[in-house]
Amino acid sequence: MEGYDYAKCIEISKRARWDIDKDVIRGREFDFSKKFLPDGLSKADQLGFLNKNDQRFLSQIQGRTYANMFGFVERFIVAKMLEITRNHWLRDQVALEALVRFCDEELKHQELFRRIEPMLGVGMSEGYRFLHQADAVAAAVLKKCTWAVLALILEIELFTQEHYRQSIEKDEKLDPLYKDIFLFHMKEETTHALMDELEWPLEDKKLTPTERDRAIDELIELAAAVDGILQAQSKADVEFFSKASDSSFGKEDMERMKGSVLKAYRWQYIFSGTEHPRFRKALGDLITEAQGERINNALGMLR
Ligand SMILES: [Fe+2]
Ligand SMILES: [Fe+2]
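Per the working numbering, the very first residue in the sequence shown carries number 933; after that it's consecutive.
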């Protein structure tokens, strides 16, 4: 974004800095009589045949997955950003400090999401599973070129903020602890997206047109891989929901729920980022119109 540099990122990061126990958790527990993820993200309200209890429970399962997803993607985000610090080791020490703070914050976020996982499980019966292993997925993501990984990271860090501002903040009925976690998380994510916007064009300058074209293929491959994760997790979450709920669901209802949760996850983790104006602008500045169309067509296949 215009007007932001690494010094400004350090200033914002210092102001936003929080502590997991002192500021966020404050000795609290989750209240399972309340929703965790708002309808704007979970789309649980679109399943008209679910009663209020089931809608709330589905929002809590999705909320647990939502927290796990962040702890999970932050594994490759830290690894890639640490690698990027190398570009600044011997030159711009302000950039180096800003990026080190970025990595330190993401390590703290991973700790926060690890801490709350069992707390989110307290009000649910056994059987919830988060299917993917952070290190294995991070290793696969990091095989792609830096240009493609930075695109994915920017997309994630923009939607993190967008979700809070557009959906979580406005919903008065959510569990206050759950809401606070994503308020504090969003505060420290602000500078991350700004730094991604600074680093991505620097990486882009290193590429030849052929390398950039290949990087776009790799970004499309990453989007497809994310979608594979979402397909598997949405199915697992709906199956857990149907087993743990007091209601019973027929085959048709199960299919509708799986379709709806997959659609919600695709919105949460892919489209709310790729359609973000700042992502469109940052990407548009680096690629040709034909390349943009190639990306749009590939994303269109996931609808
Ligand atoms: Fe984070
Ligand atoms: Fe971040």
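A virtual CB, placed ideally from N, CA and C, is assigned to each residue, including glycine.
Just so you know, these numbers come straight off a predicted model, no measurement behind them.
In the structure shown, Leu969 falls within a coil segment according to DSSP collapsed to helix, strand and coil.
Around the Cβ of Glu1094, a 10 Å sphere holds 16 or more other Cβ atoms; the residue is buried.
Secondary structure note for Thr1220: it is in no alpha helix (DSSP H), with a DSSP letter that is neither H nor E. Here Phe1181 has Ser1174 as same chain residues with Cβ atoms under 6 Å from its own Cβ, once five neighbours each way along the sequence are excluded. For Leu1106, the secondary structure class from DSSP, reduced to helix, strand or coil, is strand. Taking the Cα of Gln1223 as reference, the smallest distance to any Cα among Asp1185, Leu1151 and Asp1159 is reached at Leu1151.
Judged by DSSP secondary structure, Lys1075 falls outside any alpha helix (DSSP H); it is assigned neither H nor E. Between Met1056 and the set Asn985, Arg1210, Ala1080 and His1041, the nearest pair of CA atoms involves Asn985. Per the coordinates, the alpha-carbon of Arg1198 lies some 25 Å from the alpha-carbon of Met1127.
Assignment of Val1054 by DSSP, reduced to helix, strand and coil, places it in the coil class. Distance check between Thr1220 and each of Ala1176, Thr1142 and Leu1106 places Thr1142 closest, using alpha-carbon atoms only. Contact holds between the segment 1084-1091 and the segment 1202-1213, because three or more Cβ pairs, one in each stretch, are under 8 Å apart.
Distances from the CB of His1095 to the heavy atoms of ligand 1 are all 6 Å or more. Straight-line spacing of the CA atoms in Ser945 and His1117 works out to 12 Å.
With respect to the C-alpha of Met1001, the residue from Asp953, Glu1038, Phe1062 and Lys954 having the closest C-alpha is Phe1062. Nearest to Asp971 by alpha-carbon distance, out of Arg988, Asp1036 and His1020, is Arg988. Between the segment 1106-1122 and the segment 945-958, the count of C-beta pairs closer than 8 Å reaches three or more; the two stretches touch. Leu1090 is positioned such that its CB atom lies closer than 7 Å to that of Arg1210. Shown in chain order are the residues whose CB sits closer than 5 Å to a heavy atom of ligand 2: Glu1089, Glu1121 and His1124. In this structure, Leu1106 and Ile1100 form a Cβ contact; the two beta carbons are roughly 7 Å apart against a cut-off of 8 Å.
The way I'd put it, the segment 1145-1159 does touch the segment 1068-1076; three or more beta-carbon pairs between them come closer than 8 Å.
For Gln1098, the closest C-alpha among the options Gln1025, Leu1022 and Gln1200 is that of Gln1200. No Cβ-Cβ contact shorter than 7 Å links Leu1234 with Asp1149.
Distance from the Cα of Tyr1096 is smallest, within the candidate group Leu973, Gly935 and Gly959, for Leu973.
When DSSP assignments are scanned along the segment 1119-1189, the uninterrupted stretches of alpha helix (DSSP H) that are 4 or more residues long and fall wholly within it turn out to be 1141-1176.
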